[in-house]
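Read the structure below first, then the notes.
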Amino acid sequence: MHALICVSALCFLLVDAYPRTHRPKAVTCEHVVIFGDSLTDDGVEAEGSSHGFNRYSNGPVWAEYLNNMLECVKYDNYAYAGATSGMDNFYFPGWSGVLWQVTNFLTTTPVISEDTLIIVQLGGNNDMFNGENKTTVIAENARRAVTNLALHGARKVLALNLVDLSEAPGVQNADGGGEIGKWISLLTSEANMRLRSTLYNRHDGITITFPRLDFKLFDFNGALAEANSHFMNVSEPYTHHRPDTSPSDINYFAFHDLFHPSTPSDINYFAFHDLFHPSTFVHYKLAQAILRFLQDWV
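Numbering-wise, the sequence shown is residues -17 to -1, 1 to 281 according to mature numbering (1 follows the signal peptide of the UniProt record, and there is no 0).
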């Protein structure tokens, strides 16, 4: 499906994340390098250097699942929770932003091997967490990150756009959550439009400037919405702590899903791990969506 979308005087054609016909091809993965924020942070230490702060989910995140699905020979995840699209973290300046991650990676890898698959979750949600419109800054930081990778020899780069957190429990359950959610949704849409317009500009876009670079922009936002649609509860994070009920109340609480006593299997029905981050089950579906995209790309 195609749609002409206009926000803040920006208009262009949006295309679905998935091709109409899926004809999967084998994807060879020698080395995958991943950048991003808390949606991508796997909380591990890689090769003696700490990358990331914590895994914000109740199991593996999409990057870990994708690595296993692709059976990559080497996996490096440089994502940090709190990363902005630039050099800063939401909590402190000058360190761990997505552009910082790329810059830091390139200081130790001045020449990128041609068989390296690079995935950049472009960040940006943390740039605008306080409600300030920084869509132009986000798009420019994305251009700089991908440009720097291309200048150092990158041949295959997949960029992931911003996800819309307007329906996250942390937004919807806040005071004025409805209005806050509308503003977040508007900013996310505008940022994603600017990303596509900037990266695919017919005059000086990434693919024009670097014709040898195989570059794609994946609709991470659409993939997350699709993944969430498979879960019954998208309005609150899962918790083991439910009100105790007497046997006579069981039927009532089973009908009113938000209040029935917690059981181990309940976790399978929740899209959110906490107020803002998806469960590992959602992450698995995100990895499947990216794998499908990669299989159609090769």
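Every residue gets a Cβ at the ideal spot worked out from N, C-alpha and C, and that includes glycine.
Counting C-beta pairs closer than 8 Å gives three or more between the region 136 to 148 and the region 92 to 99, which meets the contact rule. About 5 Å separates the CB atoms of Gly106 and Ala66; that is less than 8 Å, so the two are in contact.
Following the DSSP letters along the chain, one finds Ala128 inside the alpha helix (DSSP H) bounded by residues Thr118 to Leu134. For Lys8, the three-state secondary structure derived from DSSP is coil. In the three-state reduction of the DSSP assignment, Tyr58 falls in the strand class. The shortest CA-to-CA distance from Val217 to any of Val94, Gly19, Val16 and Tyr252 is the one to Tyr252. For a cut-off of 8 Å, the C-beta gap from Met70 to Leu53 is around 30 Å, too long to register as a contact. Thr246 carries a coil assignment under DSSP once its states are collapsed to helix, strand and coil. For Thr99, the enclosing beta strand (DSSP E) has its first and last residue at Thr99 to Gln104. At a Cβ-Cβ threshold of 8 Å, Tyr48 and Val15 do not count as neighbours.
In this structure, the straight-line span from the alpha carbon of Lys8 to that of Arg275 is close to 9 Å.
Here the region 72 to 87 does not lie against the region 116 to 123, with fewer than 3 beta-carbon pairs under 8 Å apart.
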